[in-house]
Amino acid sequence: MNRRQFLATASALAISPRQVFAGKDGIVLRAEAVTQQILPEGDGVTKLLGFNGSMPGPEIRVPRGQRVAIELENGLDEGTAVHWHGIRLENRMDGVPILTQDLINPGDTKIYSFVPPDAGTYWYHSHYISHEQVARGMVGPLIVEEDTPPDIDHDITAILADWQMQEDGRLTDDAFADMHSVAHGGYMGNFARAFLSQSTARIGDRIRLRLINTATNRIFPLAINGVDGMVVALDGMPLTDPQPLTEVVLAPAQRADLIVDVTGPVRLDMPTRQGPYRLADIKANGNNTARPAGPILPLTPHGLSTPAEPTQHLTLTMMGGAMGGRHGGDNIWAFNNTSDLQPEPFGSFDRGETVRMTMVNDTSFPHGIHLHGHHFYEVADDGSLGNLRDTTLVDAGQSRDIICVFDNPGHWMLHCHMLSHAVGGMRTWVNVA
Ligand code: C2O
Ligand code: CU
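Here it is as structure tokens:
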């Protein structure tokens with residue numbers, strides 16, 4: 428079986444583990460090795476990393492605006508740290524070794540405690556040797572619940588992931604740090620999957636589908652069959668005007684929330700040149716005739732500050748990689764002729780300052796650039812403020828302007844979320860004082 432056929436194999440159903448709700452004693456997350464049936468039943472099992480016995484880790488659900496405490500136990504035989512992707516939290520809880528915390532050594536524990544200010548779809552993942560720990564499965568959903576949730580019948584999370592896997596279910600161990608892939612599109616699985624928190628619904632149900640791309644490098648185009656609906660949020664942030672649902676494209680770390688009406692069996696497919704690759708199914712069991720037809724309304728608006736006139740305009744140029752030009756950095760990839768984290772930040776901002784940043788992709792590959800601790804506006808083609816995001820996809824040879832109110836003090840990473848590119852040097856940081 429060659430790689431291409433493997434990627435074309437229809438996948439079995441995968442249901443992700445139970446949810447954990449924040450109680451008064453908080454939540455315990457144990458990072459550990461897990462063994463799971465990822466290939467269809469009857470084929471070999473896969474050794475992964477995960478949390479509390481499963482990959483993805485449990486779905487953490489917390490109310491907006493209330494403090495949550497998560498005790499992270501390191502049950503691995505190497506160090507780790509966990510990042511709460513997209514949450515505008517206190518810098519010292521951001522989970523970045525060296526920049527914001529010490530590494531959590533094997534057997535050690537750290538309590539992460541923060542107040543999530545925004546309702547929406549977030550996720551958590553390892554932020555140490557993350558091109559490998561995330562690719563091996565150290566990911567999980569983090570759902571911040573609305574004060575007033577939308578009127579739906581089911582709230583379903585879909586975790587997208589891919590792996591380079593052998594026919595017997597073993598991961599290809601030497602693939603994570605392969606320098607050829609680091610210089611190209613990065614670690615890219617030959618097997619992909621969406622883990623759903625629920626896999627049945629009735630025809631006529633209105634469901635919220637929270638899509639989270641946890642893959643380290645793969646950009647997922649998604650076709651969702653058997654539904655009719657709208658995109659209501661991106662990267663956790665509600666859209667003022669929900670957008671009609673056509674094909675959804677998610678770069679690594681990006682999320683989309685859909686509210687859809689079920690019209691038949693639901694299929695989540697990734698279109699490929701060989702045809703649709705099935706990622707997950709939601710079976711249609713019976714009919715819901717009780718739900719009155721009605722428009723899909725926007726979610727409760729976010730409470731982010733409105734940007735002022737920018738006081739700084741910075742340019743972040745992505746450089747390097749295969750078929751890229753020379754650059755001044757000392758790794759495979761660079762921003763502005765500099766690879767990896769340097770003692771000096773790429774940008775220094777006063778707390779509350781509005782900054783415009785032009786992200787120029789001067790390479791032959793797309794990059795999904797993530798800023799920690801903040802959301803920013805993508806500037807639309809007509810110059811108006813577009814969607815709020817925490818990760819923006821910039822295609823090869825393209826550029827994108829963003830506008831960000833840097834209102835969260837601390838040291839924040841700014842890096843490519845194609846994690847092979849990040850380990851290859853495409854990472855920097857900013858300082859908000
Ligand atoms: Cu999702 Cu620096 O991470
Ligand atoms: Cu990249």
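For the sequence shown, the numbering used here assigns the number 428 to the initial residue and increments by one for each residue that follows.
Note that beta-carbon positions come from the ideal geometry of N, C-alpha and C, so glycine has one too.
- For residue 593, the secondary structure class from DSSP, reduced to helix, strand or coil, is coil.
- Nearest neighbour of residue 787 by Cα position, chosen from 800, 764 and 839, turns out to be 764.
- Listed in chain order, the non-local C-beta contacts of residue 634 below 7 Å within the same chain comprise 579, 580, 581, 583, 628, 687 and 689, local neighbours out to five positions each way being set aside.
- Taking 7 Å as the cut-off, the C-beta of residue 794 counts as close to a heavy atom of the ligand CU.
- The C-alpha of residue 827 is placed about 28 Å away from the C-alpha of residue 568.
- Here the alpha carbons of residue 598 and residue 741 stand approximately 41 Å from one another.
- Each residue's CA atom was taken as its position, placing residue 731 and residue 683 some 19 Å apart.
- In this structure, residue 852 lies away from residue 774, with their beta-carbon atoms at least 8 Å apart.
- Under the three-state reduction of DSSP output, residue 526 falls in the coil class, being neither helix nor strand.
- Residue 513 sits away from residue 848, with the two beta carbons spaced by 8 Å or more.
- In this structure, the ligand C2O has no non-hydrogen atom nearer than 7 Å to the beta-carbon of residue 784.
- In the three-state reduction of the DSSP assignment, residue 553 falls in the strand class.
- Our two residues, residue 829 and residue 806, have alpha carbons roughly 5 Å apart in a direct line.
- Under the three-state reduction of DSSP, residue 510 is assigned to strand.
- Taking the Cβ of residue 848 as the reference point, at least one heavy atom of the ligand CU falls within a distance shorter than 7 Å.
- Boundaries of the alpha helix (DSSP H) harbouring residue 846: 846-850, taken from the DSSP string.
- Looking at 660, 611 and 486, the one whose alpha-carbon comes closest to that of residue 478 is 486.
- When only Cα atoms are considered, residue 751 and residue 759 end up about 10 Å apart.
- Rounded to the nearest whole angstrom, the C-alpha separation of residue 780 and residue 500 is 37 Å.
- With respect to the C-alpha of residue 654, the residue from 470, 673, 647 and 834 having the closest C-alpha is 673.
- Where residue 609 is concerned, there is no enclosing beta strand (DSSP E), although the alpha helix (DSSP H) around it starts and stops at 606-610.
- Spanning the alpha carbons of residue 717 and residue 625 requires a straight line of approximately 21 Å.
- DSSP, reduced to helix, strand and coil, places residue 519 within a helical segment of the structure shown.
- Counting only runs of 3 or more residues that sit fully inside the region 699-753, the beta strand (DSSP E) segments are 702-714 and 739-747, in chain order.
- Residue range 446-448 is occupied by the beta strand (DSSP E) that includes residue 446.
- Relative to the ligand CU, residue 845 has its C-beta within less than 7 Å of a heavy atom.
- Within the DSSP secondary-structure output, residue 498 pairs in a beta bridge with 455 and 538.
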